[in-house]
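This report refers to the structure that appears directly beneath it.
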Amino acid sequence: MLITALRRLSSDSLARNSLLIMATTVSNGGLGYVYWMLAARAVPPNRIGTATALISAATAVSMIANLGAGHMFIQRLPGSDAATWSRIVTSGLFLASAATTATATAVAVLVPFFSGNFGFLSGLTGTAALTAAAVAVTLTTLLDNLYVAHRAGHGMLIRNLAVAAGKLVTLLAVLATGHQGATAVLVSYVLPTLLISLATIAVGNRRLRPSPRPGAGPDSPPPATVSSSAESPGISPAGASTAGVASPTTGRAGVVSPVAGSASGASAVAAASVAPPQRRWRGAAAGLRAELPHVRTAVIGHHLINLTQAGPAALLPVLVTARLGPDANAHFYLAWMTASMLFMVSPAVASALYAERTNAAPVPVSRAAMVVLAMVGAPTAVLVIAGDRILALFSAGYAAEGGLLLQILVLAALPDAVANLAVAHWRSRNEFRLCRRLNLVRAVTCLALAWLLLPGAGVTGAGVAWLIGQTASALLVAAVALVRRHRTPAGREGGRDHPETAPKAGSPNVTAPVETVREVSERPRMGRDAGSRNVSGRAETGRESGPLGGAGRGAGARGGAGRNGRATAVPPKGFQRPQTGSEAPTGRKR
1 MLITALRRLS SDSLARNSLL IMATTVSNGG LGYVYWMLAA RAVPPNRIGT
51 ATALISAATA VSMIANLGAG HMFIQRLPGS DAATWSRIVT SGLFLASAAT
101 TATATAVAVL VPFFSGNFGF LSGLTGTAAL TAAAVAVTLT TLLDNLYVAH
151 RAGHGMLIRN LAVAAGKLVT LLAVLATGHQ GATAVLVSYV LPTLLISLAT
201 IAVGNRRLRP SPRPGAGPDS PPPATVSSSA ESPGISPAGA STAGVASPTT
251 GRAGVVSPVA GSASGASAVA AASVAPPQRR WRGAAAGLRA ELPHVRTAVI
301 GHHLINLTQA GPAALLPVLV TARLGPDANA HFYLAWMTAS MLFMVSPAVA
351 SALYAERTNA APVPVSRAAM VVLAMVGAPT AVLVIAGDRI LALFSAGYAA
401 EGGLLLQILV LAALPDAVAN LAVAHWRSRN EFRLCRRLNL VRAVTCLALA
451 WLLLPGAGVT GAGVAWLIGQ TASALLVAAV ALVRRHRTPA GREGGRDHPE
501 TAPKAGSPNV TAPVETVREV SERPRMGRDA GSRNVSGRAE TGRESGPLGG
551 AGRGAGARGG AGRNGRATAV PPKGFQRPQT GSEAPTGRKR
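Using the UniProt record's numbering, you'd call the opening residue of the sequence shown number 1 and step up by one each time.
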């Protein structure tokens, strides 16, 4: 039975990577408890409050300024060649880090003028601390998404274990020197995260980068077709320009084909390593320019979704500090970090679900929901029953102030999971507008209620606001599902094929491959917005291809030659397309 379960796990990418994500969460949570328990016992509460307020501000800055590069990695990296892969990753990390640095500097200068509780950010020391912490959070977030993009959960587990252990060891070392203030917490929190992230960029990414030769590396997928117009000349792994060299597209599995002339591409990569510095800098600059349209698309599409989705979690500790001060934030933050073990599960599984569908795997939402339930069910029961006793491990004061808050936060984990999985499902179908609206309802409800409730109810008011906001978003998801089920035929939702019922490539009803969602989204020069209808691959008449690379109702599902050599519909003369419940009658004949 155990062998059978292991075999099923090895063949089930979603379950395997979700299990690794769960292991990452549990290990981070366990080592995080030890870290904060040691910090809470060694550092006075007011100093803990200052440190946690700065970490909260850094998390919010990173969330605002990372440009959505993480989900851009998940969308574009699978199937890319070595040169394109390096250009995407290098440009994404550089641009996100630069934007984070600029935003952190602006926040450190401006925020103390509006809130005296953030006076610790003023001055060169506060600015440097906030900038370093924010860049560290940005890098570790993007690197986690890099592993998720390649479905390499084991790499993410190892990296996060190293970060968590490094924080604990560094805290012990700093405390041993006699420093017992906020500096001890900040140095031990930021320094290991930065160093391990930089080491991952320098060494760890080699296993993820595709080989220049097809099939030469254990982790490299076979290269795809010759480059499309969306892939502009960029930098190779050594930093040289790839202009004039045939490179694969970043299409999904199932729509790729071998690259002709791979030997010349390998020669170009080898020649790049001996290119003069001036040429390498020109190649790097060309690569950044080529990526700017894709980053702009990611900001318009994914980043706005991420802002409204992660915004309440990042800003809630900041609101507590602004309304109640750093001391109250210390009690809130420890309860929040204890409950965050549950809050990290559903976003991680949602990212894995999105990565699976980006890799053309028809994974239903129900499977992801079962994975989340299996991960959070038992911990939720434990924290509801014994949450105050767990907080008492930090100190009796933390248990008295945060016991009820922790129980309220834990109850919000289930509606939070419903909303996160719905966003991942809609995101994979390029329904960005619906994602933004759902997250906006959740964000506005949480933050507005928290601002109103905090002065009267204390830190518990923030938990009540969080629970109401998550419940409202879950009810909205249920309402959308009921409306769609009522208005559309069975097997379809909103005019799109379900993953379970979408026609598969090679089936009798499919005569040629169709354009994938990513190929559509990687045409920024066509002026298509990531949140518009065109990004979803719909034709102007409202018909479309399948959401995961399978043929849908639009061009490509039936015979005939069409754009880019793909099959298009050639109906008989006088044929009139059947109407669906969501389409207005056009009166036109085909």
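For every residue, glycine included, the Cβ atom is placed at its ideal position computed from N, Cα and C. A quick note: this is a predicted structure, and the numbers were derived from the prediction, not measured.
Same chain only: Cβ atoms within 7 Å of residue i, ignoring 5 sequence neighbours per side
| i | result |
| --- | --- |
| P112 | F118, G119, L121 and S122 |
| T100 | V61, S62, A65, N66, A134, V135 and T138 |
| G463 | L405, I408 and L409 |
| L171 | Y35, L38, A39, A184 and S188 |
| L467 | I408, L411 and A412 |
| A314 | T59, A60 and M63 |
| I55 | A133 and Y189 |
Alpha carbon of residue i to alpha carbon of residue j, nearest angstrom
| i | j | result |
| --- | --- | --- |
| L168 | L434 | 41 Å |
| A39 | I48 | 8 Å |
| T445 | L157 | 34 Å |
| A57 | A96 | 17 Å |
| S536 | V372 | Unreliable placement is indicated for S536, whose pLDDT of 37 sits below 50; the coordinate value is still reported in the next sentence. Straight-line Cα distance between these residues: approximately 27 Å. |
| A472 | A322 | 25 Å |
| A165 | L186 | 15 Å |
| T308 | H179 | 38 Å |
| A419 | A51 | 31 Å |
| P223 | S80 | Low confidence applies here, because P223 scores a pLDDT of 42, under 50, leaving its location unreliable and the question unanswered by this model. |
| T127 | A106 | 9 Å |
| L475 | M370 | 19 Å |
| S115 | V320 | 12 Å |
| A176 | A42 | 11 Å |
| S27 | L438 | 31 Å |
| R525 | T24 | Note on R525: pLDDT 42, under 50, position unreliable in the model; no value is reported. |
| L130 | N329 | 17 Å |
Own chain partners of residue i with C-beta closer than 6 Å, once the 5 adjacent residues on each side are dropped
| i | result |
| --- | --- |
| V89 | none |
| T193 | A136, T140 and V163 |
| W426 | L434 and C435 |
| L146 | F73 |
Local Cβ density within 10 Å of residue i, reported as buried at 16 or more and exposed below that
| i | result |
| --- | --- |
| I385 | exposed |
| T141 | buried |
| H331 | buried |
| T460 | buried |
| L143 | buried |
| V382 | exposed |
| A108 | buried |
| S366 | exposed |
| P312 | buried |
| R389 | exposed |
| G30 | exposed |
N-terminal and C-terminal residue of the alpha helix (DSSP H) that residue i is part of
| i | result |
| --- | --- |
| P364 | Unbroken run through P364: none, as it is neither H nor E. |
| D416 | A413 to S428 |
| A392 | No alpha helix (DSSP H) holds A392; DSSP gives it neither H nor E. |
| G181 | First-last for G181: undefined, no H or E at that position. |
| F113 | A82 to F114 |
| L329 | It should be noted that the sequence gives Asn, not Leu, for residue 329. Run containing N329: P326 to F343, per the alpha helix (DSSP H) assignment. |
| F432 | F432 to A457 |
| N66 | From DSSP, N66 is part of no alpha helix (DSSP H); its letter is neither H nor E. |
| G123 | G123 to A149 |
Contact set for residue i: own chain, Cβ-Cβ below 8 Å, skip 5 residues either direction
| i | result |
| --- | --- |
| W36 | L334, M337 and F394 |
| L327 | Checking the sequence shown, residue 327 turns out to be Asp, not Leu. The answer, listed in chain order, is P45, N46 and G49. |
| V376 | L342, V345, S346, A413, L414 and A417 |
| L195 | G166 |
| L421 | S346, V349, A350, L353, V365, A368, A369 and V372 |
| L198 | L139 |
Beta-carbon proximity check, residue i vs residue j, cutoff 9 Å
| i | j | result |
| --- | --- | --- |
| A53 | V318 | yes |
| L304 | R429 | no |
| P340 | A424 | Note on identity: in this sequence residue 340 is Ser, with Pro being the wrong assignment. In this structure, A424 does not lie closer than 9 Å to S340 by Cβ. |
| L93 | I201 | yes |
| A450 | A465 | yes |
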